[in-house]
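Worksheet: the structure to be examined is printed underneath.
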Amino acid sequence: EAGVVQSPRYKIIEKKQPVAFWCNPISGHNTLYWYRQNLGQGPELLIRYENEEAVDDSQLPKDRFSAERLKGVDSTLKIQPAELGDSAVYLCASSPYLQGANEQYFGPGTRLTVT
Amino acid sequence: AQSVTQLGSHVSVSEGALVLLRCNYSSSVPPYLFWYVQYPNQGLQLLLKYTTGATLVKGINGFEAEFKKSETSFHLTKPSAHMSDAAEYFCAFFEGGYNKLIFGAGTRLAVHP
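Residue numbers (our numbering), protein chains in the order written: chain A, 96 to 210; chain B, 2 to 114.
Next up, the structure:
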């Protein structure tokens with residue numbers, strides 16, 4: 096079974112430029128998460144989808160970040176415009192469960208460097 | 002506020018030695034606790050989790066963790082370290098009211114010959 100796929104794996108952009116990350120979750124997984132992992136820290140949740148509905152986006156900086164999960168399958172996270180402080184690893188995870196303390200399956204992440 | 006604290010950002014052990022990675026939590030409700038491992042350039046992988054029941058939880062790759070309510074701890078151990086255990090380890094707390102995981106800052110484990 097294929098795992099969570101993310102692309103690109105690495106991205107270097109100049110500040111004020113836009114950037115987008117793509118995630119394809121494990122087939123059949125209804126819940127999808129986007130996390131940001133700053134250097135030396137644990138992942139922090141940005142947004143959680145149940146199917147195509149964003150049910151928790153309280154930590155998503157909505158002035159510059161946006162996300163979508165059309166048809167409840169793959170998802171895109173966008174930053175526009177990027178700032179220096181956005182440099183981090185962006186992780187996507189999925190789960191077959193909608194609720195509860197269940198395992199999340201993580202992709203390898205996209206490492207973003209903003210110069 | 003509910004949180005997890007991992008003591009020691011870096012731990013170094015010899016191959017064959019005991020591995021002990023420390024995690025303490027703060028919670029007003031019974032916690033659900035997880036340990037994840039992250040190998041270089043890979044995503045996080047679940048090692049083990051505690052929800053209810055037996056307080057000693059066994060996970061993959063020979064790791065185990067013991068939930069101690071009196072000490073608000075969930076330390077991760079492995080009797081004998083292997084070179085392949087070198088990775089970053091994250092303790093996480095499931096915040097039920099918000100249905101999300103709260104991760105600690107991580108502990109990087111180095112294993113030397």
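For each residue, glycine too, the CB sits at the ideal point set by N, CA and C.
**Asked** If contact means a Cβ-Cβ distance below 8 Å, which residues of the segment 186-202 of chain A contact chain B?
**Response** Leu186, Ala188, Gln194, Gly195, Ala196, Glu198, Gln199, Tyr200, Phe201 and Gly202
**Message:** When you compare the CB of Ala106/B with every CB in chain A, is at least one pair closer than 8 Å?
**Reply:** yes
**Asked** Alpha carbon to alpha carbon, how far is Leu165/A from Glu147/A?
**Response** 6 Å
**Anticipated Cβ contact below 8 Å, Ala91/B with Tyr51/B, distance rounded** = The amino acid at residue 91/B is misidentified as Ala; the sequence shows Phe. The Cβ separation is near 15 Å, so there is no contact.
**Asked** Which first and last residues belong to the beta strand (DSSP E) in which Asn62/B is found?
**Response** Run containing Asn62/B: none; DSSP gives neither H nor E here.
**Prompt:** Near Ala220/A, which residues of its chain fall below 7 Å by C-beta distance, leaving aside the five closest residues on each side in sequence?
**Reply:** Past the boundaries of the shown model lies residue 220/A; chain A is included only from 96 to 210, so the question cannot be answered.
**Prompt:** Under 7 Å Cβ-Cβ, which residues of chain A neighbour Gly44/B?
**Reply:** Val99, Leu186, Phe201, Gly202, Pro203 and Gly204
**Asked** Just by C-beta distance, which residues in the segment 129-150 of chain A are closer than 9 Å to chain B?
**Response** Tyr130, Gln132, Gly135, Gln136, Gly137, Pro138, Glu139, Leu140, Arg143 and Val150
**Asked** Any residues in the segment 64-85 of chain B with a beta carbon nearer than 8 Å to a beta carbon of chain A? Which ones, in chain order?
**Response** none
**Request:** Give, in chain order, every unbroken run of the beta strand (DSSP E) that is at least 3 residues long and sits entirely within the segment 22-85 of chain B.
**Result:** 33-39, 45-51, 57-59, 65-69 and 74-79
**Prompt:** Looking at Gly107/B and Glu96/B, is the spacing between their C-beta atoms short of 8 Å?
**Reply:** no
**Item:** Close beta carbons around Gln175/A, own chain, < 7 Å, minus the five adjacent residues each side
**Value:** Pro113 and Arg159
**Request:** List the residues of chain A that Lys101/B touches, going by C-beta distances under 7 Å, in chain order.
**Result:** Leu140, Arg143 and Asp151
**Start and end residues, beta strand (DSSP E) containing Glu16/B** = Premise fails: Glu16/B is in no beta strand (DSSP E) and is neither H nor E.
**Asked** So what does DSSP say about Lys166/A, is it helix, strand or coil?
**Response** helix
**Request:** List the residues of chain A that Tyr33/B touches, going by C-beta distances under 8 Å, in chain order.
**Result:** Ala196
**Request:** Check whether the Cβ atoms of Gly89/A and Pro191/A lie closer than 8 Å to each other.
**Result:** Because chain A spans 96 through 210 in this model, residue 89/A falls outside it and cannot be assessed.
**Asked** Can you tell me whether DSSP reads Leu110/B as helix, strand or coil?
**Response** strand
**Message:** Let me make sure I understand the geometry here. Which of Asp152/A, Ser102/A, Lys110/A and Asn125/A has the alpha-carbon closest to that of Trp117/A?
**Reply:** Ser102/A
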